[in-house]
Structure formats: structure tokens, C-alpha cells
Amino acid sequence: METSLKGWEIMSIVNYVHFEFPSLPENVSFARSCVGAFVSQLNCTLDDIEEIKLVVSEAVSNCIIHAYENRSDGKIEIIASLRDDRSLELTVKDYGKGIENLEQALQPSYSSDPNRMGLGFTFMKSFMDEMDISSQPQEGTSVLLKRNFLNRDRQAYA
Amino acid sequence: METSLKGWEIMSIVNYVHFEFPSLPENVSFARSCVGAFVSQLNCTLDDIEEIKLVVSEAVSNCIIHAYENRSDGKIEIIASLRDDRSLELTVKDYGKGIENLEQALQPSYSSDPNRMGLGFTFMKSFMDEMDISSQPQEGTSVLLKRNFLNRDRQAYA
Amino acid sequence: MDVEYKTVRNTLVVRVKGELDMLIADKMRQEIDRRLEENSIKNLIFNLEKVTFIDSSGLGVIIGRYKKVSAVSGRMFIVGAKNPVEKILHFSGINRLVPMYSSEQDIINL
Amino acid sequence: MDVEYKTVRNTLVVRVKGELDMLIADKMRQEIDRRLEENSIKNLIFNLEKVTFIDSSGLGVIIGRYKKVSAVSGRMFIVGAKNPVEKILHFSGINRLVPMYSSEQDIINL
Ligand SMILES: Nc1ncnc2c1ncn2[C@@H]1O[C@H](COP(=O)(O)OP(=O)(O)O)[C@@H](O)[C@H]1O
Ligand SMILES: Nc1ncnc2c1ncn2[C@@H]1O[C@H](COP(=O)(O)OP(=O)(O)O)[C@@H](O)[C@H]1O
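Protein chains in written order, with the numbering used here: chain A, 1240 to 1397; chain B, 1240 to 1397; chain C, 30 to 139; chain D, 30 to 139.
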């Protein structure tokens, strides 16, 4: 499949979508609806879709609140792809301020914002099988999230 | 707002989304859900949203059926933008076979496919205020559609 | 999208559920045509009660079947169409060719 | 998203409708804090019956208000949370801090 996703195992991708939108708070809801609609192609459960929506909500909120510090002129990109093994790969990317100390950022309950709970990355990790973050100060952050909907024996709400 | 939409009156765009996805039949439904979710930000009526969904369905179906002749490896792009005058601008773009005779293609009830009704462009024109098509054989087609949700006194279902 | 086919004497009832777009239009057209031919069925009822969306691909199946059924002097009915589907059917003018009823019961009672 | 605020004696009832995410979290937090201070209210009830989605921004408002109310020895309740909201509340462990009831009536009957 002809895609703009370089370096992937192109053959196994059965569908993908690439979105780009500005860092407006109303786009958090929009983004999770769209990714939810995309994932529903997998015929997974409603619970699965709700979990993916939560993950998207966390990742996109982080771009707006942290990467762009609530400015609305930032660009956010999402790439979602489904593979023939019924797995979802999700990338949420910003071109904002980046994360200086990634280890600290990933600690449960750590937040640089006193009004927030530091639960975002915890949720992303809990509801996905894999999470991989690459970030460069002043250049931006890219969060890669993977989840397989087959043979999944994980207690998400333990 | 920093966007990749060149040549637009950037100042008046209040929100935009740019999507890219392959020419798979399941993406027709996905595309209309997403554009529907995007347009719902305007607080327009449910009827308005249904009409926009129909228009997206027609334009995206045309890319798959005509531009890419039902191959699933084509790239489809949608750019939707909302302006501060409550207008929606929608571009649906493919890199497929293009339209040789645009005048003929736009005739109501004309279809190059005996199983189809030739109603696609008629619907797009009827439910939008403006339609503008640019096409190049072997290079692709871009359909630009505009609609203003303010001061609209048109009987869509006359 | 689910499609249910039921034959009652010389009438084929097609009950559709979900969104009637290009994803299912082709398959539905082939399936209906096969059943019309194999069973020498004359009449056709489209039950659209559970259809939430229709576009020109879906309309194409309905209008095309109307032509086919009319060619053999059969009759066709559309049943249960609600908004936004009903609006699109009216907009396309198909309601001037094909009688539209609220339920299958209404046709049986004719 | 709609938020309705109602004061009953020294209790503030907050009834939320729709999706509780960052789009409304900040405004809601400010609005609740203003009302808690201005009216020297001690207790807080979050009615989440009509909330269809919550993420960490929404949870943050609730957990933060719990801390505030507890600091002045007030009590807090969550009411009417259904899935997927209820699951997220449990997942976050907030149910171990804040009693959860099915309806506002259940609290009045305590
Ligand atoms: N996209 C991002 N850009 C810059 N910093 C980020 C980004 N995402 C997360 N962070 C940093 O990581 C911290 C932890 O993030 P998270 O677990 O989502 O919690 P929270 O959003 O509640 O702060 C944030 O407080 C912030 O400092
Ligand atoms: N994106 C496209 N690429 C190539 N040809 C197209 C495209 N869209 C429309 N056409 C041509 O224009 C004709 C009319 O389109 P339309 O009014 O949508 O009717 P229909 O899809 O039923 O054929 C099509 O039959 C096709 O020949």
C-alpha cells in the first residue's frame, strides 16, 4: 500500500489514516471520535474503543497543554494504522517545547502543572501494550502507542 | 494559524483538519463520520451534518470507484476548514485517473459506470453552496466544496 | 451492515440495517439480482427501517432494481424509511416511482 | 458540555453533561472553587449521571476538589457514574477516597 509512512513493514498495514489539526481544545474530542471510528473497523468491543479514545484524549491534551502551552497555533499529527494481525499502531506528534527530563515525566503522578494529576502517561501505558516516546527540547515530542486486539489477556481495569 | 494550506486567507480560518487515507471502501464511512464530527463544532443542525456526510460520502466514493477504479492502494486527502463566518470549506483530492470530459461528468445522471446513477455531483452541488473541480487526466482530481451555515435560506429538500 | 433476504411467494423482501453506501451496494445488487433470477421472483420489498444513512451508491441499487422489476411487470415497494434516508429518497425523486409505506404490514394489508 | 451548579444549604451540587475533558476542565475547576469560597460551602456532590466520557483532565478536577473539600473537613460524593466513566474512576482509585452512589436521592437518604 502506498503510504507516506516510511520505514514501516508496509506489507502488513491493512488501513491507515494520517491527520493533522491545530492545537485547539475542541480538537481533543474530535481526535478521539475519529480514532474511535477508525478503530471500530476491527470489530473490537465497545470497551476497547473507549480505552483507545481515552489514550488519544491524553496524548492530544498533552500536546495542547504541555507542548504548546495552550497556544492554539501548534500543529498536531496523528497517524493510526491497522495491521493484518489486528494490531493498532498510533503515533501522536507535536512540534512543541519537548520534554527535558523524560524519566521524570514518565513517573506516575508527576506533572509539571500543579493543577494536573500526572495520570496521562500512566493511562497511555495501562491501556496500550507498548509505549515509546521520543522527544527533543524545542523540537517536539512523538508518542508511539501499540496495541494488539487479538490474544489479549490483560486486565485493563484490574 | 500555522497551516499547510497555502494561498488561503489564513487569518479567518478558525479550525482545520487534514486527513489522508487509502482508497478502501470502509474508509467512506470513516471519512463521513470524521467530517461530521468536525462540522458539529459549528453547532449546526443534525440535518446540516447529515447533508455534509452525504457530500463527503459521494466525493470519497468517486475517488475509490472512478479515480482508482476500486484499487485500494490510492491515496485520498480531505482538507476541511471552518472560517469565522461559520463557513465550511472542504477539499477532496485523489491522485487517480482524472476526468477527461468535465462538462460531461457534471451532467446530471451521467455516469461512466452502467451500474451507477450519476447522482454524485448532483448531490454535492445541491447540498453545498459552491463546487469547484479541477482535474488532470492521469494526475488526479480535486473537488472543492463550500458551504455557509449562516444566513442560509436554501431549500435543500425542495 | 446486515442484509436479510426473505422470499414470500413471488416477493423478495430485503431488510437492510446500518449504512447503505458503496461498501455493501455492489454485493447487495448482485445478491438481489441472483435471487430475482433464480427464483423467478416478480416483486421486491426494500425494508429500510433500520437504515441510518444512504448515498447515491445505495440509491443506485434501489433505482436499478426498480428498473429490473418493472421490466418484468413486477411491483416494488419501499418500507420504513426514516430521516435522513427518507429525505434523500424524496430528494432523488424515487418516491414518485416507488410507493413508500411505513411498515411491511401496510403492504400486506393492501 | 453543560454544567449545572446548585447550592443546597452548605452543599454544592455539580451536575455535568457530556464529555469531561480539558475543553471544560479548567473552567469547571475555577467555577467550583469560586462557589466553594464565596458561599463558604463545605460539601460537594458531583453528579456524573450524564457524563459519557472522562479523561485525566476531568479526573484532575474531581481529585483536586476532593483535596480542597477534605482540607476544610467537608465531605464529597460522586453520584450516578456509569461506564465508561465508572471504570475510569475505579481505575484511578478515586473510589477508595470518595464514596460513590447511584443517585442524589441515595445521599439524601443517608
Ligand atoms: N507532548 C508533550 N510535550 C511536552 N511535555 C510533555 C508532553 N507530554 C507530557 N509532557 C510532560 O510530561 C509530564 C507528565 O505527563 P502526563 O503523565 O500526561 O501528566 P499531566 O498531563 O497530568 O501533567 C507533563 O506534566 C509534562 O511536563
Ligand atoms: N474523482 C474522480 N476521478 C475520476 N472520475 C471521476 C471522479 N469523480 C467523478 N468522476 C467521473 O464523473 C462521472 C459522474 O460522477 P457522479 O456524478 O459522482 O456520478 P457516479 O459516481 O454515479 O458515476 C463519473 O461517472 C466518473 O466518470
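Just so you know, even glycine gets a beta-carbon here, dropped at the ideal spot from N, CA and C.
Please say whether Asn1301 of chain A and Thr1380 of chain A have beta carbons closer to each other than 9 angstroms?
Locating residue 1380 of chain A in the first sequence gives position 141, counting from the first residue. Locating residue 1301 of chain A in the first sequence gives position 62, counting from the first residue. In this structure, Thr1380 of chain A sits near Asn1301 of chain A, with a CB-CB distance shorter than 9 angstroms.
Chain B contact for Asp1324 of chain A (CB, 9 angstroms cutoff):
Along the first sequence, one-based indexing puts residue 1324 of chain A at 85. No - not a single Cβ of chain B is within 9 angstroms of the one on Asp1324 of chain A.
Compute the Euclidean distance between the alpha carbons of Thr1284 of chain B and Gly1275 of chain B, then round it to the nearest angstrom.
The residue labelled residue 1284 of chain B in the question sits at position 45 within the second sequence. The residue labelled residue 1275 of chain B in the question sits at position 36 within the second sequence. Their backbone Cα atoms lie some 11 angstroms apart in a straight line.
What in chain D is Cβ-close to Gly1359 of chain A, meaning under 7 angstroms?
Translated into the one-based positions of the first sequence, residue 1359 of chain A becomes position 120. Result: Ser85.
Does any C-beta atom of chain D lie closer than 9 angstroms to the C-beta of Phe1362 of chain A?
Here residue 1362 of chain A refers to the residue found at position 123 when the first sequence is read from its first residue. For Phe1362 of chain A, the nearest CB of chain D lies under 9 angstroms from its own CB, placing it at the interface with that chain.
Please identify the residue among A:Ile1317, A:Ala1270, A:Pro1261, A:Ser1268 whose C-alpha is closest to the C-alpha of Asn1309 of chain A.
Along the first sequence, read from residue 1 onward, the residue named residue 1309 of chain A stands at position 70. Nearest to Asn1309 of chain A by alpha-carbon distance, out of A:Ile1317, A:Ala1270, A:Pro1261, A:Ser1268, is A:Pro1261.
Whose Cβ in chain A lies nearer than 7 angstroms to the Cβ of Gly89 of chain D?
Numbered from 1 along the fourth sequence, position 60 holds the residue referred to as residue 89 of chain D. Neighbours of Gly89 of chain D on chain A, chain order: Asn1354, Arg1355, Met1356.
Along the region 105 to 126 of chain C, where does the CB come closer than 9 angstroms to a CB of chain B? Name the residues.
Only those residues of the region 105 to 126 of chain C whose C-beta falls short of 9 angstroms from the nearest C-beta of chain B are listed: Asn112, Pro113, Lys116, Ile117, His119, Phe120, Ser121.
With DSSP as the reference, identify every bridge partner of Met1370 of chain A, one or two as the case may be.
Position 131 of the first sequence, counting from 1, holds the residue named residue 1370 of chain A. Note: Met1370 of chain A sits in a beta bridge opposite A:Leu1384.
Tell me the DSSP bridge mates of Gly47 of chain D?
Residue 47 of chain D sits at position 18 when you count from the first residue of the fourth sequence. The bridge partners DSSP lists for Gly47 of chain D are D:Val80.
Taking only heavy atoms of ligand 2 into account, decide whether any of them is closer than 8 angstroms to the Cβ of Gly93 of chain C.
Locating residue 93 of chain C in the third sequence gives position 64, counting from the first residue. Gly93 of chain C: no, Cβ never under 8 angstroms from ligand 2.
When you compare the CB of Ser1272 of chain B with every CB in chain A, is at least one pair closer than 9 angstroms?
Residue mapping note: residue 1272 of chain B aligns to position 33 of the second sequence, counting from 1. Closer than 9 angstroms: yes.
Report, in whole angstroms, the separation of the C-beta atoms of Gly87 of chain C and Leu49 of chain C, which I expect to be a contact under 8 angstroms.
Mapped onto the third sequence, residue 87 of chain C falls at position 58. Mapped onto the third sequence, residue 49 of chain C falls at position 20. Indeed they touch by this definition, with Cβ atoms about 3 angstroms apart.
On the three-state DSSP scale, how would you describe Lys1314 of chain B?
Your numbering for residue 1314 of chain B matches position 75 in the second sequence. DSSP places Lys1314 of chain B in strand when its eight states are reduced to three.
If I measure Cβ to Cβ from Ser1279 of chain B and keep anything under 8 angstroms in the same chain, skipping five residues before and after, which residues do I get?
To locate residue 1279 of chain B, count along the second sequence from 1; it is residue 40. Result list for Ser1279 of chain B: Ile1288, in chain order.
Of all the residues that make up the region 56 to 74 of chain D, which are near chain A by a beta-carbon distance shorter than 8 angstroms?
Listed by position, the residues of the region 56 to 74 of chain D near chain A (Cβ gap below 8 angstroms) are Arg58.
Boundaries (first-last residue) of the beta strand (DSSP E) holding Leu1327 of chain B
In the second sequence, counting from the first residue as 1, residue 1327 of chain B sits at position 88. Under the DSSP assignment, Leu1327 of chain B falls in the beta strand (DSSP E) whose first and last residues are 1326 to 1333.
Applying a beta-carbon distance threshold of less than 7 angstroms, which residues of chain B neighbour Leu1263 of chain A?
Here the question's residue 1263 of chain A lines up with position 24 in the first sequence. Ordered by position in chain B, the residues that pass the 7 angstroms Cβ test against Leu1263 of chain A are Asn1254.
Contacting residues, own chain, Cβ-Cβ under 7 angstroms from Asp31 of chain D (five flanking each side not counted):
In the fourth sequence, the residue the question calls residue 31 of chain D occupies position 2. Within the same chain, Lys46, Gly47 come within 7 angstroms of Asp31 of chain D by CB-CB distance, once the 5 residues on both sides are set aside.
For Tyr130 of chain C, which residues from the same chain have a beta carbon less than 7 angstroms from its beta carbon, with the 5 sequence-adjacent residues on both sides left out?
Numbered from its first residue, the third sequence carries residue 130 of chain C at position 101. Spatial neighbours of Tyr130 of chain C in its own chain (CB-CB distance under 7 angstroms, excluding positions within 5 residues in sequence) are listed in chain order as Phe106, Val108, Ile136.
How would you label Glu1290 of chain A, buried or exposed, when you count the other beta carbons within 10 angstroms and need 16 or more for buried?
For the purposes of this step, residue 1290 of chain A is taken as the residue at position 51 of the first sequence. When all chains shown are included, Glu1290 of chain A counts as buried.
Option in B:Tyr1255, B:Asp1352, B:Asn1266 with minimal Cα separation from Tyr1255 of chain A:
Against the first sequence, residue 1255 of chain A aligns to sequence position 16. Nearest of B:Tyr1255, B:Asp1352, B:Asn1266 to Tyr1255 of chain A, Cα basis: B:Asn1266.
Give the range of the beta strand (DSSP E) segment to which His1257 of chain B is assigned.
Residue numbering aside, residue 1257 of chain B sits at position 18 when the second sequence is read from its first letter. Bounds of the beta strand (DSSP E) holding His1257 of chain B are 1252 to 1261.
Arg1310 of chain B: CB within 8 angstroms of a non-hydrogen atom of ligand 2
By 1-based counting over the second sequence, the position of residue 1310 of chain B is 71. Answer for Arg1310 of chain B: no, Cβ out of range of ligand 2.
How many whole angstroms separate the CB atoms of Lys1385 of chain A and Ser1326 of chain A, which I take to be in contact at a CB cut-off of 8 angstroms?
Numbered from 1 along the first sequence, position 146 holds the residue referred to as residue 1385 of chain A. Numbered from 1 along the first sequence, position 87 holds the residue referred to as residue 1326 of chain A. Contact flag correct, Cβ pair sits at about 6 angstroms.
Cutoff 9 angstroms: Asp50 of chain D Cβ touching any chain A Cβ
Here residue 50 of chain D refers to the residue found at position 21 of the fourth sequence. True, the Cβ-Cβ gap to chain A drops below 9 angstroms.
Taking Cβ positions only, does His1305 of chain B come closer than 9 angstroms to chain A?
Counting from 1 along the second sequence, the entry for residue 1305 of chain B is found at position 66. No, no contact with chain A.
I'd like to check one pair, Val43 of chain D with Ile61 of chain D: are the Cβ atoms closer than 9 angstroms?
For this step, residue 61 of chain D is matched to residue 32 along the fourth sequence. For this step, residue 43 of chain D is matched to residue 14 along the fourth sequence. Remark: C-beta atoms of Ile61 of chain D and Val43 of chain D approach each other more closely than 9 angstroms.
For Ser1351 of chain A, would you say it is in contact with chain F, using Cβ-to-Cβ distances shorter than 9 angstroms as the test?
You won't find chain F in this structure, because its protein chains are A, B, C and D.
Just to confirm, does Pro85 of chain C get its C-beta within under 8 angstroms of one of the non-hydrogen atoms of ligand 2?
As a position in the third sequence, residue 85 of chain C is number 56, starting the count at 1. According to the sequence provided, residue 85 of chain C is Ser. The question's Pro does not apply to it. The answer is yes for Ser85 of chain C.
Any Cβ of chain C within less than 9 angstroms of the Cβ of Glu1328 of chain B?
Locating residue 1328 of chain B in the second sequence gives position 89, counting from the first residue. No, Glu1328 of chain B lies away from the interface with chain C (no Cβ there is under 9 angstroms from its Cβ).
Based on Cα-Cα distance, which residue from C:Glu33, C:Ile117, C:Asn39, C:Leu65 lies nearest to Gly89 of chain C?
One-based indexing of the third sequence puts residue 89 of chain C at position 60. Residue C:Ile117 is the option with its Cα nearest to Gly89 of chain C.
Which residues of chain D have a Cβ atom closer than 9 angstroms to the Cβ of Leu1293 of chain A, listed in chain order?
Position 54 of the first sequence holds residue 1293 of chain A. Near Leu1293 of chain A (Cβ distances below 9 angstroms), the residues of chain D are Phe82, Ile83, Asp84, Ser85, Pro113, Ile117.
Which residues DSSP lists as bridging Ser1320 of chain A, in chain order:
Position 81 of the first sequence holds residue 1320 of chain A. In the DSSP assignment, Ser1320 of chain A is bridged to A:Tyr1255, A:Glu1328.
Per DSSP, the bridge partner or partners of Asp41 of chain C:
Here residue 41 of chain C refers to the residue found at position 12 when the third sequence is read from its first residue. Per the sequence presented here, residue 41 of chain C reads as Leu, with Asp not at that position. For Leu41 of chain C, DSSP records a beta bridge to C:Thr36, C:Leu73.
Can you give the Cα-Cα distance for Ala1397 of chain A and Lys1292 of chain B, rounded to whole angstroms?
Taking the first residue of the first sequence as 1, we reach residue 1397 of chain A at position 158. Taking the first residue of the second sequence as 1, we reach residue 1292 of chain B at position 53. Per-residue confidence for Ala1397 of chain A stands at a pLDDT of 35, beneath the threshold of 50, marking its modelled position as unreliable; no derived number is given.
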